[in-house]
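First to last, the protein sequences are chains A and B.
Numbered as in the numbering used here, the first sequence ends at 234 without a single skipped number.
Numbered as in the numbering used here, the second sequence ends at 1319 without a single skipped number.
Here the structure is laid out as structure tokens; the discussion comes afterwards.
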Amino acid sequence: MRAGIETAAMDVLMVRLFDTIEESNMAWIIAADRALRDAFGKTLIDLVPSYTTLMVHYDCRVLAHGEAHRRIRETLENLQPADTQAGQRHEIPVWYDESVGPELQRVSERAGIAIETLIRRHCNHDYCVFALGFAPGYGFMGLVEEALATPRLETPRRKVAAGSVGIAGRQTAIYPLPSPGGWNILGRTAVPLFEHARRGDPLLKPGDRVRFLSISRDEFEAQGGDTTPLEERP
Amino acid sequence: MNGTGAEGLRVIQAGPLAMIEDGGRVGVRHLGVTQSGGADWVSLYWANWLLGNALDSAALEIVVGGGLTLEAERTTRLALVGADLDARLDDAPLVPGMSFVVREGQRLVFRQPRDGLRSYLAFPGGLEAPVVLGSRSTTPRERLGGLHGDGQPLKAGDRLSWSGEPVGGRRIPAGLLPPMPRPGCRLALVPGAQIAEFTGASLYAAFNSDWRVDDRADRMGVRLRGPRLQCNLESMISEGIPLGAVQVPPDGQPIVLLNDRQTIGGYPRLGALTPLAAARLAQCLPGHEVRLVAVSRERAVADYRWSMQNFSDSGPGSR
């Protein structure tokens, strides 16, 4: 595996495997994540995989830069892609409704389709989890079909409710916690993503697959969902 | 959590922001969980060192002060290191940089910043609080850590407790405790991979201008105001962000990312402040002027190792 190894900080190296976001990256990112964890062992402070990179933060009190660099090079030389079928597949029930998904209209109008069609098409794909970030348990997923791609809101909301499901560009995600955010919100899920993350075992992991299921308000409430409208309009 | 019901310190008035912080969350950033921990970790470590604690023990990070009032329910020894927040023990001024005895019924008040921004109050053995993802550090945005484990800062009525025994008589050897940053203080930066994407004029400006700490400064990041920096990259695919990363969004005004930063992000970066420089920046109030100084990775690591060595070399019967 060819890779760039760049300086990110005094004790941090950025391993760059790819230049573009592709689902096929994930087999290599996952394999590199496992192999680098093994190679660094206790000298590893943190390892942050993302779409195309892995950030390696090592303990510079016990490991010299040259040695860290060598471990990365040797790890990547022998790397084989992971079996992507090993990732989990999740079905996430979502209540799509304008009260909790105020951008159903914006996204459907841009795509020139009915809201019902938008919902059906958002649910009609197994999305790949590319990376975790932004908040504990927040998974960046994609790729949303080109026709539904919608840029972020010009002015982010000060508060997006927990469980909100949104689109930005060709990515889709679920907010585990109430937080500021600029994604186009389509609906809400009752799946407790934050609780999983808080225990150190996030529901969504890089390489996992996610399928959204459209459910009724009654089903959403039965699952413990909060029907409080997302009132604040940006 | 506490279980012993031992008396400790009662929060009479909370002030604008006081939170439990320790060495931070390690090994969880791949979950999207931020590093957290004491933003001026050097002061946090010295505060713990004064009591003979593990250096990364949970202490109180007091920002600004603003009337934070704590009342002792038993006599104990505490240590205060970091900013001078015009602290008083009853009516007596309390100078940071040393340990001191608080007697039952006495009140500690932190009034306002006179030098620096954050002060660290350490407790024998470290503060008791639930360990969440390996740390007691408070991260309000993530609802993690702190006294109740839910990310809330201290509030009136909270009670702080600890169960260790302090080591008395420790003094920080002269010259080892860094002073609070002066105007124009130099912040060491290790250049990063995108540095070549900035224009020559911008690179000159980055390292030869006074940068002013903006009002938008907190534990997530500190925005610097100065000449507009231009980068040939507008944005990148999001990737991991190290502590101290100096990212430059399209408006050309750098943001230095600190302990509560997001774990990944997509703005190009000049590089990253060293951990020592990040700790200094965390003590700068809005309006403070700083300079960025490029240093080699080797120099930065040597300085870091030296500063860590000080903790183990110092003091009576060093630990």
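We put the beta carbon where it would ideally sit given N, CA and C, even for glycine.
Contact annotation: in the segment 1246–1263 of chain B, residues whose CB is within less than 8 Å of a CB in chain A are Gln1262, Thr1263. About 4 Å separates the beta carbons of Pro81(A) and Ala27(A), which is inside the 8 Å limit, making them a contact pair. Cβ contact annotation for Ile115(A) (same chain, cutoff 6 Å, sequence separation greater than five): Leu104, Ser108, in chain order.
In this chain, Phe134(A) is not harboured by any alpha helix (DSSP H), its DSSP state being neither H nor E. Contact of Ala1272(B) with chain A is assigned, a C-beta pair being separated by under 7 Å. In the three-state reduction of the DSSP assignment, His57(A) falls in the strand class, which pools E and B. Going by C-alpha positions, Asp1084(B) is about 9 Å away from Val1064(B).
Secondary structure at Ser1235(B): coil, using DSSP grouped into helix, strand and coil.
Around the beta carbon of Gly1126(B), 16 or more other beta carbons sit within 10 angstroms, so the residue counts as buried. Taking C-alpha positions only, Ala173(A) is separated from Ala1217(B) by approximately 28 Å. Less than 7 Å separates the beta-carbon of Pro1166(B) from that of Arg1077(B).
Of all residues in the segment 123–135 of chain A, only Ala131, Leu132, Gly133, Phe134, Ala135 come within less than 8 Å of chain B when Cβ atoms are compared, listed by chain position. For Asp38(A), no beta strand (DSSP E) segment is defined; the enclosing uninterrupted segment is the alpha helix (DSSP H) at 25–40.
Bounds of the beta strand (DSSP E) holding Met1098(B) are 1098–1102. The shortest C-alpha to C-alpha distance from Arg1261(B) to any of Arg1141(B), Asp1210(B), Phe1207(B) is the one to Arg1141(B). Trp1211(B) carries a strand assignment under DSSP once its states are collapsed to helix, strand and coil. Less than 7 Å divides the Cβ of Gly101(A) from the Cβ of Ile185(A). Comparing C-alpha distances from Glu154(A) to each of Val160(A), Trp183(A), Pro136(A) shows the shortest one belongs to Trp183(A). Non-local beta-carbon contacts of Val1132(B) in its own chain, meaning distances under 7 Å to residues more than five positions away in sequence, involve Leu1144, Gly1145, Gly1149 in chain order. Nearest CB-CB separation between Ser50(A) and chain B: below the 7 Å threshold. The beta carbon of Ser1238(B) falls within 7 Å of a beta carbon belonging to chain A, placing the residue at that interface. By the neighbour-count criterion, in which a residue is buried when 16 or more other Cβ atoms sit within 10 angstroms of its Cβ, Arg1118(B) is buried.
Looking from the CA of Thr1263(B), the closest CA among Pro1254(B), Gly1221(B), Ala1294(B) belongs to Gly1221(B). Taking one beta carbon from each stretch, the segment 1184–1193 of chain B and the segment 1274–1285 of chain B have 3 or more pairs nearer than 8 Å; the two touch.
In the three-state reduction of the DSSP assignment, Leu1257(B) falls in the strand class, which pools E and B.
For a cut-off of 8 Å, the C-beta gap from Thr189(A) to Ile167(A) is around 14 Å, too long to register as a contact. At a cut-off of 7 Å between C-beta atoms, Arg1297(B) counts as an interface residue with respect to chain A.
Taken through DSSP and simplified to helix, strand or coil, Tyr1045(B) comes out as helix. In the displayed model, Asn1310(B) falls within a helix according to three-state DSSP. Per the DSSP secondary-structure output, Val94(A) pairs in a beta bridge with Ser214(A). For Gly66(A), the enclosing alpha helix (DSSP H) starts and ends at 65–77. No Cβ-Cβ contact shorter than 7 Å links Pro136(A) with Gly1116(B). Pairwise C-beta distances place the segment 1229–1242 of chain B in contact with the segment 53–65 of chain A, as three or more of them are shorter than 8 Å.
Interface flag for Val15(A) against chain B is unset, since no Cβ pair is found closer than 7 Å.
Following the DSSP letters along the chain, one finds Thr227(A) in no beta strand (DSSP E), marked with neither H nor E. When only Cα atoms are considered, Asn1048(B) and Gly1244(B) end up about 23 Å apart.
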